[in-house]
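In our numbering, the protein residues as written are 7 to 355. Every residue, glycine too, gets a C-beta built ideally from N, C-alpha and C. The model shown is predicted, which means the values in this text are computed figures rather than measured ones. Read the structure below first, then the notes.
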Amino acid sequence: MDNMKILIDKLARAHTLSKDEWVQLIRGRTKENSEYLFLLARKFREKYYGHDIYIRGLIEFTNYCKNDCLYCGIRRSNKNARRYRLKKEEILSCCRTGYALGFRTFVLQGGEDGYYTDEVMEDIVSTIHSSYPDCAITLSIGERSLESYQRLFDAGASRYLLRHETFDASHYARLHPAALSAANRQKCLWDLKEIGYQVGTGFMVGSPFQTPENLADDMLFLKRLDPHMVGIGPFIPHQETPFAREQAGTLSLTLFMLALIRVMLPKVLLPATTALGTIAPDGREQGILAGANVVMPNLSPQDVRKDYLLYDNKICTGDEAAECRQCLERRMNSIGCRTVVARGDSLNI
Ligand code: SAH
């Protein structure tokens with residue numbers, strides 16, 4: 007414990023560690039040093055964000071995808087996925103519902119679907135932007151060119167979520183088909199930052215073949231990129247993928263990584279993800295207590311929710327948007343927090 011406590015204190019003071027120190031800390035994780043870390047992480051969250059939890063309305067607008075990521079349930083090779091794409095009017099209707107429920111950020115997430123060309127996306131984004139000028143539009147639609155990112159930014163999108171998934175190129179290659187590379191994923195993130203997006207990145211915890219060294223590299227990359235938001239969640243197997251029989255990431259390691267991120271980047275936005283809520287009934291509450299300050303309830307139309315399955319047993323696939331909103335409000339209240347009606351911009355600028 008003592009050596010670990012020294013490292014945790016050092017992180018809280020310097021907000022950075024060497025690769026060796028990260029590896030030691032991640033390898034040396036125990037219940038006791040986790041509790042100590044969570045306490046510090048909560049203090050940093052409270053210092054900057056108090057007990058306010060930001061909400062984002064997630065609209066999963068297409069599950070078509072040209073990629074074949076080995077972990078993902080909507081990968082191209084999954085012939086059993088029932089594919090759908092939402093029309094502009096359907097997306098706008100989600101926004102209307104979301105606005106009435108107090109959402110001031112809309113996150114448009116989907117597979118890499120060639121139907122949504124720059125023109126089509128520009129039209130959707132600019133219509134949302136002019137209809138809801140007080141709202142932030144976040145895109146999460148994968149790897150595109152610098153020019154494409156610029157056009158969507160000019161159309162009114164101001165935030166972009168693109169997890170780097172894992173920093174290490176050889177680990178990345180074991181999770182993805184040969185056409186995808188860690189280098190290109192990372193280049194996209196630097197491009198997005200350069201354009202002026204508020205950028206979110208992140209990784210899966212406990213993905214197949216992941217080592218403490220890989221996680222240490224992820225922490226070093228986060229420190230360098232210094233993003234506005236970091237989304238992490240446990241890897242959860244999906245039955246129709248090559249990783250169907252792999253172990254899921256654990257709650258305890260995910261919470262530990264969340265808290266490490268909060269202490270390293272005290273002002274960053276940190277969601278307690280749906281995947282975290284899927285591996286434990288109170289996973290998201292525990293995530294908040296380990297330093298997270300954002301939740302992203304689902305705003306997708308009820309009839310398509312069961313089809314956006316990245317992993318097995320995903321929660322909230324049967325609920326209405328209003329139910330999700332109220333359920334999260336109650337969950338946050340139960341741990342002394344409250345959700346707020348605000349854009350919820352990052353303080354990590
Ligand atoms: N096409 C977009 C959106 C991907 S889905 C993009 O490329 O960014 C959003 C995130 O879900 C992914 O970045 C990945 O980290 C996560 N995800 C996918 N499959 C998962 C699984 N089986 N378990 C846990 N998380 C998963």
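Check: residue i C-beta below 7 Å from any heavy atom of the ligand SAH
i, result
"C78", "yes"
"S146", "yes"
"I97", "no"
"F384", "Nothing can be reported for residue 384: it is not among the residues displayed for the chain, which extend from 7 to 355."
"E252", "no"
"R35", "no"
"L168", "yes"
"L316", "yes"
"E171", "yes"
"W210", "Note that residue 210 is Met in the sequence shown, not Trp. For the ligand SAH, at least one heavy atom lies less than 7 Å from the Cβ of M210."
"E246", "no"
"E118", "yes"
"A281", "yes"
Cut-off 6 Å between Cβ atoms - residues of its own chain near residue i, not counting five sequence neighbours on either side
i, result
"V300", "Y60, L275 and P277"
"E246", "N84 and N86"
"L353", "Y54 and K273"
"C78", "L316"
"L17", "L23 and V269"
CB contact flag (residue i, residue j, <8 Å)
i, j, result
"M270", "H57", "no"
"Y90", "D313", "yes"
"H162", "V205", "Checking the sequence, you will find Gly at residue 162 rather than His. Against a cut-off of 8 Å, the Cβ pair of V205 and G162 comes out as no contact."
"R110", "R349", "yes"
"A222", "K25", "yes"
"N304", "C330", "yes"
"D74", "P214", "no"
"D197", "Y138", "no"
Integer Cβ distance of residue i from residue j, believed to fall under 8 Å
i, j, result
"E171", "R191", "7 Å"
"F262", "L13", "About 13 Å separates the two Cβ atoms, so there is no contact after all."
"V113", "G63", "7 Å"
"L282", "T260", "6 Å"
"L266", "M302", "No, L266 and M302 are not in contact; Cβ-Cβ is about 21 Å, not under 8 Å."
"P240", "V29", "Contact flag wrong, Cβ pair sits at about 20 Å."
"T144", "R165", "4 Å"
8 Å CB neighbourhood of residue i in its chain, flanking five on each side removed
i, result
"R344", "H57, D58, I59, E335 and M338"
"N9", "Q30 and G34"
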